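Presented below is the structure to which this report refers.
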Amino acid sequence: MDWKILNIKNSYLEKISRAKSLNELDEIYLTLFGKSGEITLLPKNFSELSKEDLSKIGPLFNRVKTELEKAIDDRREKVRESVYKQLKDEELELEEGSIKKRKGHLHPITALNEEIANLGKKIGFQQFSAPHIDSDYYNFEGLNIPYGHPARDLWDTLYIDHPEKYGFKEGQLLLRTHTSNAQIRIMKELKLPIRIMVIDRLFRFENLDARHEHTFDQFEIVYVDKGVSMANLQYLSEYFLKHIFGKDIKVRLRPKYYPFVEPGAGVDGECIFCKGKGCKICGGVGWLELAGAGMIHPFVLNMGGIDPEKYSGLAWGFGPFRMAMLKYGVEDIRLFNSGDLRFLERF
Ligand code: DAH
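Under this note's numbering, the first residue of the sequence shown carries the number 1012, and numbering increases by one thereafter.
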C-alpha cells in the first residue's frame, strides 16, 4: 500500500509541475480528489490493513494528500502570475504602439459664426440672445404675422403640444423658426439707439434634402436710431458679404416681401461661381440670394414700444449654413450636423 501511495505522489507531482494552464490543473485535481479520484478511493482499502500497518499508512496518506493539494495550489498561483505577466507585456506593447494623436479644430459653422460676430463687433454691434422655445407672440404675432395669415406658410413650424389646446392664443409655445423672435425683446429691453446682432440656432418642420435642414443657424442685425435708411442697409450688406466672399463681389438689393419689414429686400450677391455670367447654381440669372432685410415695419416698432414717427430701424439676416455651403463648396447642407469626421476633416 505504501508504494502505491508514493507512486501516486511522484507521478502527480511531476504532472502538476508541468501543467501550463488552470484548466489542466483542474483536471488533475479531479482525477485525484474527484468523486472517484485516486486519492478519494484509496481509504476504501484501509479496512483490510492490520492495525500496525494502518498506523503507518494513515499518516503517510494524510501527508501525501496535503502535499498534492498544496502542490496544485502553488502551481495555480504560478500559472496565474505568468498569465498576468503576459497581459502586462501586451499592454505595454499597446502603449508603445501607434495610437495617433489628432489635433481637432473648430466646426466650420462655429468658425464662420465667430468670424461674422467679430465683423459685427468691429462696427459696434453687440450680441443678444433669445429663447429657442418661444411663444407664438414673439415668433409670429408681434412681428406682424397674425394667426391665419398666409404669410405663416413661409415658416414650417414645430409647435409644442397641440395648437387647439391653447386656442391659438399668443402663449402657444413653439420652436422658434427664426432669430427674428429676438426683435421685440431687443426693442423692449434696450435703450435707443440700438445696435444688436443675434447669431444662433433655429428649427423648422422641413422636408429634408440637400438644401433643407430642420436645425440650423441665422445671423441677424437690428439697428434702430433716428434717420436709419435703406442706404445703411446697402452699406451693411456690402460690408458683411465682401468680408465673407471677397471684396470683388457685387451686392444688390431687390424688393422682397417679409411681413416684419417695409420695404423688404432680398440681398443678392453676384454669383461667385460664374461671376455674373449665369450658371447652373444661380439658375442662369448671375445673382445668388444671400440675405433678407428691410426697414422695420411700423407695426413691429410699435410692438417694441418705439415711436415710428421719431425713429426708424433696419433688420438684416442670413443663414451661415448657406453661406458656408457657397464659401466652401459644400454639396449637402445635412453634412454640417452629421458629425461625420470624413466631412469635418475637409476643413
Ligand atoms: N427671419 C427671416 C427668415 O427666417 C430672415 C430675415 C428676413 C431676417 C428679413 C430679417 C429680415 O431681419 O429683415 O427667413
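The beta carbon of each residue, even a glycine, is placed where N, CA and C say it ideally should be.
A quick note: this is a predicted structure, and the numbers were derived from the prediction, not measured.
Residues of its chain near residue i, where Cβ-Cβ distance is below 8 Å and the 5 sequence neighbours each way are ignored
i	result
I1205	I1197, M1198, V1233, Y1234, V1235, D1236 and G1324
E1036	It should be pointed out that residue 1036 corresponds to Leu in this sequence rather than to Glu. Around L1036: I1027, A1030, I1083, R1086, R1087 and V1090.
K1067	D1013
C1285	I1292, C1293 and G1297
L1203	V1235, D1236, I1317 and Y1322
D1064	M1012
N1313	P1319
Cβ-based neighbour list, residue i, same chain, cut-off 7 Å, excluding 5 preceding and 5 following
i	result
M1336	I1344
E1049	I1019, T1042 and L1043
L1123	P1331, M1334 and A1335
E1342	A1221
Y1023	I1039, L1043 and L1079
S1146	E1181, G1182, Q1183 and L1184
D1167	R1215, F1216 and E1217
S1061	none
R1163	F1151 and I1156
K1338	I1255 and F1256
For residue i, the nearest candidate out of the options (CA to CA)
i	options	result
P1309	R1187, Y1322, E1224 and K1267	Y1322
G1287	G1277, V1278 and W1298	W1298
I1016	L1247, A1141 and L1079	L1079
L1165	F1151, D1145 and I1171	F1151
K1261	Y1246, F1227 and P1274	Y1246
V1278	I1255, S1248 and K1258	S1248
S1032	G1045, E1092 and E1273	E1092
G1045	K1133, K1076 and F1057	K1076
L1052	E1125, F1072, A1221 and D1172	F1072
K1081	I1039, S1047 and L1065	I1039
M1241	L1264, T1226 and K1253	L1264
P1319	D1351, D1167, I1110 and E1273	E1273
H1254	K1133, K1062, L1352 and E1101	K1133
D996	D1259, P1070, A1141 and S1349	What is shown of the chain runs 1012 to 1358, which leaves residue 996 out entirely.
N1034	E1102, V1094, R1163 and E1200	V1094
D1228	K1258, E1125, I1171 and I1283	E1125
G1340	A1326, G1350, S1349 and I1283	I1283
Contact test: residue i Cβ vs the ligand DAH heavy atom, cutoff 7 Å
i	result
E1101	no
E1231	yes
Y1269	yes
V1272	yes
A1304	yes
W1298	no
A1326	yes
H1308	no
H976	Because the chain here runs from 1012 to 1358, residue 976 falls outside it and cannot be looked at.
H1189	yes
Within 8 Å, strictly: CB atoms of residue i and residue j
i	j	result
S1191	G1294	no
I1207	F1136	yes
E976	F1332	Because the chain here runs from 1012 to 1358, residue 976 falls outside it and cannot be looked at.
L1244	A1276	yes
K1267	G1316	no
T1188	L1213	yes
I1144	L1184	yes
G1289	F1256	no
L1355	H1160	no
F1251	L1098	no
H1116	F1347	no
Proximal residues to residue i (C-beta, below 6 Å), its chain only, five neighbours per side dropped
i	result
F1271	L1154, N1155, H1308 and V1311
V1209	F1139, T1190, A1193 and E1231
L1169	L1186, F1214 and F1216
I1127	F1230
D1172	none
Cβ separation of residue i and residue j, assumed to be a contact under 8 Å, to the nearest whole Å
i	j	result
Y1269	G1305	6 Å
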